[in-house]
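One structure is given below, encoded as structure tokens.
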Amino acid sequence: MSEIYESNSFELFLDIYNGITINNFNNNKEKDKFEENINNLICDLNKDKRNLLWIHLDIEDSKHIEYLTSNDFKYHTCHENSILLVKRLIKDSIIPTASNHTLGVGVIVVNDKNEILLIKERYSNIGFKLPGGHIDDAELIQSAVVREVKEETGIDVEFESIMNIGHFYPHQFDKSNMYILCKANAKSSKIQINDTNEIIQCEWIDLNTYLNDENTFEYIKEIVKSSLNFSGLELKELEIFKKLNKNCELFFNKN
Numbered sequence: 028m029s030e031i032y033e034s035n036s037f038e039l040f041l042d043i044y045n046g047i048t049i050n051n052f053n054n055n056k057e058k059d060k061f062e063e064n065i066n067n068l069i070c071d072l073n074k075d076k077r078n079l080l081w082i083h084l085d086i087e088d089s090k091h092i093e094y095l096t097s098n099d100f101k102y103h104t105c106h107e108n109s110i111l112l113v114k115r116l117i118k119d120s121i122i123p124t125a126s127n128h129t130l131g132v133g134v135i136v137v138n139d140k141n142e143i144l145l146i147k148e149r150y151s152n153i154g155f156k157l158p159g160g161h162i163d164d165a166e167l168i169q170s171a172v173v174r175e176v177k178e179e180t181g182i183d184v185e186f187e188s189i190m191n192i193g194h195f196y197p198h199q200f201d202k203s204n205m206y207i208l209c210k211a212n213a214k215s216s217k218i219q220i221n222d223t224n225e226i227i228q229c230e231w232i233d234l235n236t237y238l239n240d241e242n243t244f245e246y247i248k249e250i251v252k253s254s255l256n257f258s259g260l261e262l263k264e265l266e267i268f269k270k271l272n273k274n275c276e277l278f279f280n281k282n
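Quick note, the sequence shown lines up with residues 28 to 282 if you use this note's numbering.
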């Protein structure tokens, strides 16, 4: 949000796309007052030729959903305890795409004995695979790499580089999935499965043995093979992004 938009009834923000977001309506919780003030706000915004009106509703305010949807508000983004709705104030105004994919990491860890760290999942039939899993909301890729390997294998690792990206559709919730394959360096060696609900086995396996096994899942085999001849994309910091109030991860070819 770039600036505050004046209103006597709501806390509003004007964005760079000429849209208005209702960020707080603590003084408008009652149904009749809320609806009256929304109607008045829409009239004001139409006069100002604003494009969109957004509103965040916490789960305790869900009683307002019926009124909003009956007045042409559409669902945009849903979270565990809140929902974001949007209304076009000008026909054909562009609404930014809602979240349309999930993110996951797979992690290649090879030790100094030329052994690769592999797991077997309880509900998978593809045999040994790379440790990894979902990147949590607002989590950095490098943090997800360290966390997932620790949870599934007990091994401490340090992120090294991105090696490969896979894209799958449809995936969970009928969305796309971006699978980011990373390389990490082992900082410990003792296996201790922490996520026993999901992981049933974890082993260090000779890399050549694994690659030459005809039962190895072809996709994983190709991922690992490609990592042997590619140094990957490494993290790099740029001064200009250090000034932004957000987390950034920038990846470039290794020199």
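Ideal Cβ placement from N, Cα and C applies to all residues, glycine included. Here the structure is a predicted model, which means the values were calculated and not measured.
If the five residues before and after Ile-117 are omitted, its C-beta is found closer than 6 Å to the C-beta atoms of Asn-78, all from its own chain and listed in chain order. Rounded to whole angstroms, the separation of the alpha carbons of Glu-166 and Glu-261 is 18 Å.
Contact annotation: the region 195–211 does not touch the region 223–241, with fewer than three C-beta pairs closer than 8 Å. Beta-carbon to beta-carbon, Ile-135 and Leu-208 are separated by about 7 Å, close enough to satisfy the 8 Å threshold. Only exposed fits Ile-86, as fewer than 16 other CB atoms lie within 10 angstroms of its CB. Annotated three-state conformation of Asn-66 is helix, per DSSP.
His-91 and Asp-71 have their alpha carbons spaced roughly 20 Å apart. If you keep only unbroken beta strand (DSSP E) runs of at least 3 residues inside the region 225–279, you get 226–233 and 260–262. Inside the region 77–141, DSSP marks whole beta strand (DSSP E) runs of 3 or more residues at positions 79–85, 101–105, 109–115 and 128–136, from first to last along the chain. Less than 7 Å separates the beta-carbon of Val-172 from that of Ala-211. By the Cβ rule, the region 263–270 does not count as touching the region 213–226, because fewer than three pairs are nearer than 8 Å. Judged by their CB atoms, Thr-104 and Ser-126 are nearer to each other than the 7 Å cut-off.
The residues Leu-277 and Phe-279, in chain order, have a CB closer than 6 Å to that of Lys-263 in the same chain once the five nearest residues on each side in sequence are set aside. For Thr-48, no alpha helix (DSSP H) segment is defined; the enclosing uninterrupted segment is the beta strand (DSSP E) at 46–51.
Counting along the chain, Ala-211 sits inside the beta strand (DSSP E) bounded by residues 203–213.
Around the C-beta of Asn-256, fewer than 16 other C-beta atoms lie within 10 Å, and the residue is accordingly described as exposed. Taking all protein chains shown into account, Leu-271 has fewer than 16 neighbouring C-beta atoms within 10 Å of its C-beta and is therefore exposed. If you ignore the 5 residues before and after Pro-197, its C-beta comes within less than 6 Å of no other C-beta in its own chain. In this structure, DSSP gives Ser-170 a helical state, which the three-state scheme calls helix. By the Cβ-count criterion, Cys-229 is buried, with 16 or more other Cβ atoms from all chains shown falling within 10 Å of its own Cβ. Within its own chain, the residues whose Cβ lies closer than 7 Å to the Cβ of His-128, once the five positions on either side in sequence are excluded, are Lys-202, Ser-203, Asn-204 and Met-205, listed in chain order. Between Ile-247 and Lys-140, the CB-CB gap reaches or exceeds 7 Å.
Judged by DSSP in its simplified three-state form, Leu-72 adopts helix. Per DSSP, reduced to three states, the secondary structure at Glu-187 is strand. A straight-line Cα-Cα distance of about 29 Å links Glu-178 and Lys-281. Here DSSP, grouped into helix, strand and coil, assigns Lys-58 to helix.
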